[in-house]
Structures are given as C-alpha cells and as structure tokens.
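Trainee: What follows is a structure written as structure tokens; I'll ask about it next.
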Amino acid sequence: MFDLLIKGGTLPDGSVADIGITGDTIAEIAPALESTAKETIDATGDLVSPPFVDPHFHMDATLSYGQPRVNASGTLLEGINLWGELREEASVEDMVERALTYCDWAASMGLLAIRTHVDTTPDHLRGVTAMLELREAVKDYIDLQLVAFPQDGLYRTETGRANLLRALDMGVDVVGGIPHFERTMQEGADSLVDMCRIAAERGLMVDIHCDETDDPLSRHIETLARETLRHGLGGRVAGSHLTSMHSMDNYYVSKLLPLIAEAGVSAIPNPLINIVLQGRHDSFPKRRGLTRVKEMQAHGIAVGWGQDCVLDPWYSLGTGDMLDVAFMGLHVAQMTHPEEMARCFTMVTETNAQIIGLEGYGLKKGAKASLVVLDAATPTEAVRLRPARLAVVAKGKIISRSARGDATLSLPGRPGQVRRRHALP
Ligand SMILES: [Zn+2]
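When you line the sequence shown up against full-length UniProt numbering, it's residues 1 to 425, in that order.
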C-alpha cells in the first residue's frame, strides 16, 4: 500500500502512468499500478511533471518593489543603486518575511527548487544571515541553493572579496560574481580567475552574472570558459544572462560557442528581465538583448530559463510561475517550432535541475516524490495556458491544491463550460 497514488496522469514524454509514493520517495511508476493507497489523486487527462526549478533568483530583494523608490529609468544600474539603499535599511526579519511570502507563491506554482543569489557586499551580511535562515525554514518543501553574489563587484569595494569568502564560510553553496561591473575589463577577467580558483579549492559550483550588458565587447564568458577548463569544473559552472552575446560580432560568436561547449559551461538567460532591462540605451532599432539560446543549444550547451526577479528594484511584475518565464523566453528567442515549444518546458524543469546539480530529481523509481499536476494535456499546452496547478506534491506531501481554470459560459447554443484546451495535430 502506497501513502499516495497519482493515477492516470500524462507524463511530459506523452506516456500515461500511475505514480506510487511511499514516504518521500517514488516507490513505483508504471502504466497501471494494482496497489491501493492511503490517498489518491486522479490525474486522468492531466499533465504530471517533475517540479519547476528556477536556476536564477534574488530572494533577498523579492517583494520589495517601490522601496525606497520605484526604478524610474528601468535600467540595471538604477536598480543596483536602489538596492544599495534598501539593503542598508532592511532587517533580517524583513528579508525572511518577504522571502517566505514569495516561497508560498512558489510552492503553489509547483516551483520547488530555487537557486538564489544573495548579496555579499555589505559588511553586515544581513542578507546572508536571512537566506541561511530561510533555507532551513523551507527545506521540507523547497530546495534552496544560495550563491554568494558580490553585487558591487569582487574588487570594487574594499571588503568585497573578504565578504564573499565569509559568506562561503557561513554555509553559502555556490561562488558568484559580476565581472562586467568591476572597474575595468581586466579586473573583470581577474575576478573570474580568482573566483574559479576559489570554487576549485573549495569544491563548489560557480554561477556568474556574466556580460549582462549590451556592450558587444563584454567577453567575460570567454574567460569563464577558459578558467572552467583550467580547473576541470565542467558541468558545475553557469554563465547567467550572457546578454552581450546578442550584440557580438558573428565571427567571434562562431569561435566562442564551441569554446563554451568544450568547457561544459551552461547558460541561464532570464527573459522577463533581459527584455525589459536591455536595449535601454538604444533608440531604434532597439535590441532585444536576450542571449543566443537556440544557437547555444545547437552546440550542445545546456541552456535553462531563469526568473531572476519578482517585484523588486529591477522588475515591477512577476508571479513565481516558471511557465511565465518559459512563455516569454519562447517569444523573445522565437522558439515557435513544436519541438522548440516543448523544449521550453523541459528548460524550466529537467534542464534547470541538471544545471544546478539537483539530486533525486525526476519522475522515476527511487527519485524524490516531488511533482506537479497541471490543468493541461501536454508540456506545450502548459506553456500556452500557464494553467492551474491542480496539485503540488513536495517530498511525498500534498502542499498545494488549486481549482481548474474552467469558465462558465452563458451563450445561446454554446457549451456551458469552457476550458481553453486544444489538442494539437
Ligand atoms: Zn540576477
């Protein structure tokens, strides 16, 4: 007898299966399981997916939009300045409270693993203290991975480097950086050499805010790939944003992409944010600023969609729904072929899990029993509808339920109910 049985759901690969859960583990997954269960969810006709994963977020700043003021120019730099004021005002309790509220939203959307960058610039490191407390508070339902992120640069402040090391000593998981924000191109490159060495020595992963600029000559990704190769860190290093690649010379990119592939560096574009922050210095034509997603994937580079921000100094919207992220990414990267649309769903689930090194992930026997039941028939339909999460299961426990998104129609001669589903040929 199982503790929980998810009956008759359609998996992302199109197969239909029952999923039997015992404790916090998937005990069996097969087309028709005979065993009974203490509790059963009927998922017939609904999509059952492993949970959504966000590989790039800023939990210390979330739900702070308008504090201390709104970002009037809409630029990355004004956002950084506003955050610089807010992080001196916000207490540990403020940050934990805002982040816990966000985690409630995430849990309700089936977003159960999040890599969040935490600012290590201020000497008080209150953000680090808050996020370590949060990681512990949500561990039964959200896997939170923390990146030590020197927002103002590793070298631009006197204690930038020392504070990053202090944060790692306190238990932060991943080494972060922002080379394009250092004083010079050379110092940016030096910071990457330094950070990759720190990661190699400590056995940690690396995730860099890399080339988040429209400057086509911002080429820090090249150094990141080189240092990844030098230390054998392949598969454990991510370049977030990489927006300058949008504007780079095509010949240079033809040399760069094989290098990134050879190094095993993955890429995390953040389409909601990149489409609003980039191109702000352009008149017309105005660049989109999203990195070259399909082109990297064609070279075998792992690319996952990240969310980055929800209601903070950089972004005035956001919901915690990774399908919003996939939807925007699909549009901006023009991933409209059926295979590409389905891939956008895989990017916010399996690919993101792979990029952040999540263990026990997936719908298979022996994996962690975390999953989401969606009011959609297929992954592509889920991206199109961004539908209700009918049930969210985290480590064997049902943590959220939502009603279907059906509408009741009052139109003569037409059906009384409408669900907006549509089977594709
Ligand atoms: Zn970021």
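Glycine residues also receive a C-beta, built at the ideal position from the N, C-alpha and C atoms.
1) Which runs of the alpha helix (DSSP H), 4 residues or longer, sit entirely within the segment 214 to 292?
2) Sort out for me which residues DSSP pairs Glu156 with in a bridge.
3) Please specify which runs of the beta strand (DSSP E), each continuous and at least 3 residues long, are wholly inside the segment 61 to 124, giving them in chain order.
4) Of the residues Pro51, Glu88, Cys210, Asp214, which one's Cα is nearest the Cα of Gln278?
5) Please tell me whether, using a cut-off of 7 Å, the distance from the CB of Asp308 to the nearest non-hydrogen atom of ligand 1 is below it.
6) What is the residue span of the alpha helix (DSSP H) that His331 lies within?
7) Does DSSP classify Glu339 as helix, strand or coil?
8) Go ahead and pull the three-state DSSP assignment for Ile19.
9) Please classify Tyr361 as buried or exposed, where buried requires at least 16 other C-beta atoms within 10 Å of its C-beta.
10) Roughly how far, in whole angstroms, is the beta-carbon of Leu371 from the beta-carbon of Ile6, given that I think they are within contact range, below 8 Å?
11) Along the chain, where does the beta strand (DSSP E) containing Asp24 start, and where does it finish?
12) Going along the chain, which residues of its own chain have a beta-carbon closer than 8 Å to the beta-carbon of Val92, five neighbours each way excluded?
13) Counting only C-beta atoms, is Cys103 closer than 8 Å to chain B at any point?
14) Do Ala382 and Leu390 come within 8 Å of each other at the CB atom, strictly closer than that value?
15) Quick one: grab the DSSP three-state call for Asp190.
16) Can you tell me the Cα-Cα spacing of Arg87 and Thr159, whole angstroms?
17) Report the partner residues of residue 503 according to the DSSP bridge assignment.
Mentor: Working from what's here:
1) 220 to 231, 250 to 263, 271 to 277
2) First, the amino acid is wrong: residue 156 is Arg here, not Glu. BP columns for Arg156 are empty, so no partner.
3) 111 to 119
4) Asp214
5) yes
6) 322 to 332
7) helix
8) strand
9) buried
10) 7 Å
11) Looking at the DSSP string, Asp24 is not in any beta strand (DSSP E), and its letter there is neither H nor E.
12) Arg126, Thr129, Ala130, Glu133
13) Annotation note: the requested chain B is absent from the structure, which comprises a single protein chain.
14) no
15) helix
16) 16 Å
17) The chain is shown from 1 up to 425; residue 503 falls before or after that span and cannot be answered.
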